[in-house]
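A.B. asks: Take a look at this one; I'll ask things after.
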Amino acid sequence: MRKFEEKLVKQAAELRTMQPAKRKGSVKWESPSNIAIVKYWGKYPSQIPANASFSLTLSEAVTSTEIEFEYDSSIVEPELSYSFHGEEKEDFRMRISRYLETIEVYMPWLKHTKFTIRSENTFPHSSGIASSASAMSALALGLCDIEQILFRQKETDFYRKASFLSRMGSGSAARSVYGKMSVWGLTASCKDSSDEYAIPAAKMHPDFENLRDSILIIESGKKHVSSSMGHNLMKTNPYAKLRFEAAEANMQKLCNVVQEGDTGTFIDIMENEALSLHAMMMTSNPGYMLMKPNTVAAIHKIRQFREESGKSVGFTLDAGANVHVIYFEKHAGEVQQFIENELRPLCENENVIHDRMGDGPRKK
Ligand code: PMV
């Protein structure tokens, strides 16, 4: 068993012997999505990442989750109702139910608790923005908060535990519990980094403050190959080992670049990571492609604009067709004008979501 997990299991054993000080209540947490600059792609059992990743926490794309809870020692498995924007969602209720079973070993009180969970996203439903990071982190933060209320304990490692539990729900969610920038996965580039939870990235240069992310919705709706299938295909990808080494090399460069304020190298690394992620999809067996013609068109236009204008703007991609246009505050005016003129017409229903680096989750 890994070190932090061992600590949580010991804590759980203590909780099993305790009676809750309070039995009923409600908590509400708002947690953001994040976009990876160095990508996590490939994993081992228990959501242990094959390489470390580095992300930017968003500000506007958030999930807000309210959890009403009632502890009742006579029930022996968690009772759960779940709604999303006021509508009951059986598929997500089942996913949460399985998730609660997985983390019960760290939170033994879960099985004696009734939950009513209400969730909302600020970003349009099925806009193509990954919502599992914001959804799973909002839920994990809420559960950690409930544990403190039930047992009147102040958890010193509150965010670390929330990150650990978020990871069990969705790997990338581990990084959403901190503002600005996060690192998840053991890497020589970052002291205190861990495969078990994310940590806030070390100091960054002032030029990176308020980093912008305008998301071009090239295609909304469900992808034909899910992220979990993609991670799984890395097990047989012939380039996987090289990819994991390249990601670690990028982590080492990126951490320096962010501290020194080298925006050009930041963009080079970010674009290399985005294209490498999609190269892994194409070289998997079976190979697949999530980029669409307008994804490629946007990439060419961004690179051409950068060359002609000399502005620090670049792109990154998630496991999908949408393009994240990343740029610095000092160029925001010119870049947004370029997005309006050249990139918005490439988007489905001309949909662009302007976001920026955010301060992380908030208790409401
Ligand atoms: O957290 P998951 O299992 O949905 O995987 C996310 C993978 C990428 O978004 C493609 C990369 C990342 O690091 O967020």
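In our numbering, the protein residues as written are 1467 to 1830.
Note that the Cβ used here is the ideal one computed from N, Cα and C, for glycine as well.
Keep in mind the model is a prediction, meaning the values are calculated, not measured.
Between which two residues does the alpha helix (DSSP H) containing PRO1759 stretch?
C.D. replies: For PRO1759, the enclosing alpha helix (DSSP H) begins and ends at 1759 to 1775.
A.B. asks: Give the secondary structure of ALA1502 by DSSP, where H, G and I count as helix, E and B as strand, and everything else as coil.
C.D. replies: strand
A.B. asks: Specify the secondary structure class of HIS1790 as computed by DSSP and reduced to three states.
C.D. replies: Correct three-state label for HIS1790: strand.
A.B. asks: Indicate, with yes or no, if the ligand PMV has a heavy atom lying under 7 Å from the CB of ASP1784.
C.D. replies: yes
A.B. asks: Suppose contacts are defined by Cβ-Cβ distances below 8 Å. Is PHE1804 in contact with PHE1771 by that definition?
C.D. replies: yes
A.B. asks: Cα-Cα, which of PRO1574, ILE1612, ILE1569 is closest to THR1582?
C.D. replies: ILE1612
A.B. asks: For the beta strand (DSSP E) holding HIS1744, just list the boundary residues, first then last.
C.D. replies: No beta strand (DSSP E) holds HIS1744; the alpha helix (DSSP H) holding it covers 1729 to 1748.
A.B. asks: Please classify LYS1469 as buried or exposed, where buried requires at least 16 other C-beta atoms within 10 Å of its C-beta.
C.D. replies: exposed
A.B. asks: Which first and last residues belong to the alpha helix (DSSP H) in which ASP1611 is found?
C.D. replies: 1598 to 1617
A.B. asks: Could you tell me the distance, in whole angstroms, from the CA atom of MET1467 to the CA atom of GLY1645?
C.D. replies: C-alpha separation (whole angstroms): 29 Å.
A.B. asks: What's the C-alpha gap between VAL1649 and GLN1718?
C.D. replies: 12 Å
A.B. asks: How about SER1638 and ASN1817: are their beta carbons less than 8 Å apart?
C.D. replies: no
A.B. asks: Whose C-beta lies closer than 8 Å to the C-beta of SER1750 among residues of the same chain, with five residues either side of it excluded?
C.D. replies: GLY1696, LEU1699, MET1700, THR1702, ASN1703
A.B. asks: Look at the alpha carbon of ALA1787 and the alpha carbon of ALA1740, and state the distance between them as a whole number of angstroms.
C.D. replies: 11 Å
A.B. asks: Starting from LYS1580 and walking both ways along the beta strand (DSSP E), at which residues does that stretch end?
C.D. replies: 1579 to 1587
A.B. asks: Leaving out the 5 sequence neighbours to the left and right, which residues in its chain are closer than 6 Å to TYR1754 when beta-carbon positions are compared?
C.D. replies: When the five nearest sequence neighbours on each side are left out, the beta carbons in the same chain lying within less than 6 Å of the beta carbon of TYR1754 are those of VAL1691, MET1747, in order along the chain.
A.B. asks: Using 8 Å as the limit for Cβ to Cβ distance, is SER1750 near chain B?
C.D. replies: Chain labels in this structure do not include chain B; a single protein chain is all it has.
A.B. asks: Below 8 Å on the Cβ atoms is my contact criterion, and I expect LEU1607 with GLY1824 to pass it. Report the Cβ-Cβ distance as a whole number of Å.
C.D. replies: That pair is no contact at about 15 Å.
A.B. asks: Mind the definition here: the stretch 1669 to 1683 touches the stretch 1627 to 1642 only if three or more C-beta pairs lie below 8 Å; say whether that holds.
C.D. replies: no
A.B. asks: In the DSSP assignment, the alpha helix (DSSP H) including ARG1482 goes from what residue to what residue?
C.D. replies: 1469 to 1482
A.B. asks: Taking the straight line between their C-alpha atoms, what separation do you get for ARG1709 and HIS1790?
C.D. replies: 22 Å
A.B. asks: Report the residue ranges of all alpha helix (DSSP H) runs contained in full by the stretch 1612 to 1665; include only those spanning at least 4 residues, in chain order.
C.D. replies: 1624 to 1635
A.B. asks: Along the beta strand (DSSP E) that carries ILE1819, what are the first and last residues, could you check?
C.D. replies: 1818 to 1822
A.B. asks: If I measure Cβ to Cβ from SER1775 and keep anything under 7 Å in the same chain, skipping five residues before and after, which residues do I get?
C.D. replies: GLU1800
A.B. asks: Candidates SER1655, ILE1665, LEU1481, ILE1684: which alpha carbon is nearest ARG1626's?
C.D. replies: ILE1665
A.B. asks: With distances taken from CA atoms, which of ILE1569, ALA1516, PRO1574 is nearest ILE1541?
C.D. replies: PRO1574
A.B. asks: Hey, quick one: how far does the alpha helix (DSSP H) through TYR1565 stretch, first residue to last?
C.D. replies: 1556 to 1569
A.B. asks: So does HIS1697 have its beta carbon nearer than 7 Å to some heavy atom of the ligand PMV?
C.D. replies: yes
A.B. asks: Assuming SER1600 and PRO1498 are in contact, meaning their beta carbons sit under 8 Å apart, how far apart are those beta carbons, in whole angstroms?
C.D. replies: Indeed, because the Cβ distance is near 6 Å, the residues count as touching under 8 Å.
A.B. asks: Looking at GLY1799 and the ligand PMV, is the gap between the Cβ and the nearest heavy atom below 7 Å?
C.D. replies: Outside the cutoff, so no.
A.B. asks: As a quick exercise: from GLU1545, VAL1571, PRO1515, pick the residue whose alpha carbon is nearest that of SER1660.
C.D. replies: The candidate whose alpha carbon is nearest that of SER1660 is PRO1515.
A.B. asks: Could you check which residue in LYS1830, ILE1683, LYS1707, CYS1721 has the C-alpha nearest to that of ARG1810?
C.D. replies: Among LYS1830, ILE1683, LYS1707, CYS1721, the Cα nearest to that of ARG1810 is on ILE1683.
A.B. asks: If distances are taken between C-alpha atoms only, which option among SER1539, ALA1518, GLY1508, VAL1504 comes closest to PRO1486?
C.D. replies: SER1539
A.B. asks: Thinking C-alpha only, which one of VAL1493, GLU1806, GLY1491, LEU1576 is nearest LEU1481?
C.D. replies: Closest in alpha carbon position to LEU1481, among VAL1493, GLU1806, GLY1491, LEU1576, is LEU1576.
A.B. asks: With SER1680 and ALA1785 assumed to form a contact (beta carbons below 8 Å), what rounded beta-carbon distance in angstroms separates them?
C.D. replies: Actually they do not touch by this definition, with Cβ atoms about 19 Å apart.
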